[in-house]
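Reviewing the structure listed below.
2 protein chains.
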Amino acid sequence: MRALEDLVSLLTRLPGIGRKSALRMAYYLLKADQRYADALAERIAQLQSEIRFCSVCGSYTETDPCPVCDGADRDRRLVCVVEQPQDVLTIEASKEYRGLYHVLGGLLSPLDGIGPDKLRIASLVQRIRGGAAPSLGEGIPIPPVEEVVLATNPTVEGDTTALYIKKVLEREGVRVTRLATGIPVGGDLEYADRLTRARSFHGRMPL
Amino acid sequence: MRALEDLVSLLTRLPGIGRKSALRMAYYLLKADQRYADALAERIAQLQSEIRFCSVCGSYTETDPCPVCDGADRDRRLVCVVEQPQDVLTIEASKEYRGLYHVLGGLLSPLDGIGPDKLRIASLVQRIRGGAAPSLGEGIPIPPVEEVVLATNPTVEGDTTALYIKKVLEREGVRVTRLATGIPVGGDLEYADRLTRARSFHGRMPL
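These protein sequence lines map, in sequence, to chains Y and C.
Residue numbers for the first sequence follow the numbering used here, beginning at 403 and rising by one.
Residue numbers for the second sequence follow the numbering used here, beginning at 403 and rising by one.
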């Protein structure tokens with residue numbers, strides 16, 4: 403059946419969905435309430451028109467600037483630099499961090515032709531210099547950025563990008579930090595790879 | 403973001419999709435080509451209007467009768483009885499069986515109020531009596547059904563339903579068989595459950 407086969411082949415393009423999962427989803431959709439199928443279809447088709455990028459931090463948002471950049475309760479002295487827009491949502495979900503964000507839109511990867519000019523690094527420097535900070539209303543002074551937390555993944559590309567940004571920001575007189583790498587909480591020394599173990603020694607903290 | 407949250411909560415209704423998978427799928431859709439999202443949305447919305455039930459066998463089809471019931475190359479003396487429409491597609495995928503099908507639309511389950519009248523058993527009897535066989539064209543005689551293969555799953559409900567249908571069909575003078583149960587090919591005696599092992603002894607075959 404072409405209609406079913408077409409749907410299955412479109413579904414298998416989604417991350418983590420193989421042919422068997424796609425078939426199960428298709429069978430479910432065949433038997434499901436048509437209103438559910440319509441709602442799902444509408445959401446999928448309209449997602450990209452409803453969600454865009456925040457002109458300040460570059461994360462996903464429905465309003466511009468995004469609720470984080472616009473939030474009166476956020477600590478404007480802290481900017482967390484992440485690779486992708488969804489990293490903002492991941493960090494927000496943990497409700498640990500109360501500062502602002504800046505999305506790079508990728509990581510340095512010379513082999514793929516991704517240099518610093520392809521990433522949102524210039525706009526980061528501009529924000530630190532106070533050029534692109536969202537207004538807090540007339541007459542309210544915007545506190546300067548005091549610390550940039552580099553939260554790119556601890557991979558070769560993530561580390562390289564973090565080092566590059568650190569060098570760029572050195573001239574701006576801002577404190578640059580990097581998320582701690584080490585044994586995950588609840589993890590096991592035995593199962594951590596050698597590099598993670600080495601890093602956890604390197605980054606050891608007074609107790 | 404409401405648009406994202408709505409999509410994620412709709413996606414988690416799909417079988418085998420948890421919140422993390424749904425989020426990954428949503429992020430993919432956010433970055434995907436809009437034409438892909440549109441195609442997927444259209445397929446999902448139109449699936450139920452493009453696929454219906456074959457009036458003869460009850461399986462999913464785009465044309466009525468379905469290509470199997472209408473196929474000149476199928477063995478019309480054999481009818482395989484399955485629980486759900488997708489079972490037909492599963493069996494067809496293995497390209498082992500060349501007979502016809504009959505979909506029950508469920509299994510007997512007195513506790514859930516599903517009695518024989520809720521299943522497509524009467525239409526099965528009618529087919530065997532030659533009442534609902536699809537025409538092969540004018541003047542071509544339709545061969546009578548000689549064997550009914552019961553292919554419901556080897557569960558309590560599947561076995562009960564198979565036994566019930568066997569009793570009903572005994573009066574119709576048709577041969578009734580059941581798919582073999584036993585150790586799966588490539589399986590291991592040690593890992594087969596006791597019931598499967600017992601059935602494999604019961605159904606042992608001369609070599």
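Glycine is no exception: its CB is placed at the ideal position from the N, C-alpha and C atoms.
Source: prediction; values computed, not measured.
Taking C-alpha positions only, C482/Y is separated from G575/Y by approximately 16 Å. Interface annotation, G418/C: in contact with chain Y, CB-CB separation under 8 Å.
Counting along the chain, the unbroken alpha helix (DSSP H) around L431/Y starts and ends at 421 to 433.
By the neighbour-count criterion, in which 16 or more other beta carbons inside 10 Å mark a residue as buried, I419/C falls on the buried side. Distances from the alpha-carbon of S525/C to those of L506/C, R596/C, H604/C, R478/C put L506/C closest. Inter-segment contact for the stretch 446 to 453 of chain Y and the stretch 433 to 445 of chain C is present: three or more beta-carbon pairs are separated by less than 8 Å. Note on M403/C: 16 or more other CB atoms within 10 angstroms of its CB, so buried under the neighbour-count rule.
Taking a beta-carbon distance threshold of 8 Å, Q528/C does not count as an interface residue toward chain Y. With contact defined as three or more Cβ pairs closer than 8 Å, the stretch 487 to 503 of chain Y and the stretch 517 to 524 of chain Y are not in contact. A distance below 8 Å separates the beta carbons of G584/C and T598/C. Residues of chain Y with a Cβ closer than 7 Å to the Cβ of I453/C are, in chain order, M403, A405, L406, L432.
The continuous beta strand (DSSP E) containing V551/Y extends over residues 549 to 552. Annotated as proximal: P417/Y and R426/C, with beta-carbon spacing under 8 Å.
For the pair R500/C and P512/C, the Cα-to-Cα distance works out to about 33 Å. In this structure, the straight-line span from the alpha carbon of D595/C to that of F603/C is close to 13 Å.
Residue nearest to R476/Y within the set T465/Y, L502/Y, R454/Y is L502/Y (criterion: CA-CA distance).
Among the CB atoms of chain Y, one or more fall inside 8 Å of the CB of A439/C. Around the Cβ of A582/C, a 10 Å sphere holds fewer than 16 other Cβ atoms; the residue is exposed. By the neighbour-count criterion, in which 16 or more other beta carbons inside 10 Å mark a residue as buried, P546/C falls on the exposed side. V527/Y sits in a helix when the DSSP states are folded into three classes. Comparing C-alpha distances from A434/C to each of Y430/Y, V558/Y, I453/Y shows the shortest one belongs to I453/Y.
Using beta-carbon distances, A553/C does not count as an interface residue toward chain Y, since no partner is under 8 Å. The Cβ of E494/Y sits no closer than 8 Å to any Cβ of chain C. Inclusion of R445/C and L552/Y in the CB contact set at 8 Å is not warranted, their separation being larger than that value. H604/C is bridged by DSSP to nothing; it lacks a bridge partner. R606/Y has its alpha-carbon roughly 17 Å from the corresponding atom of E592/Y.
Between A564/C and T554/C, the beta carbon gap of about 5 Å places them in contact (Cβ cut-off 8 Å). At least one beta carbon of chain C lies nearer than 8 Å to the beta carbon of Y429/Y.
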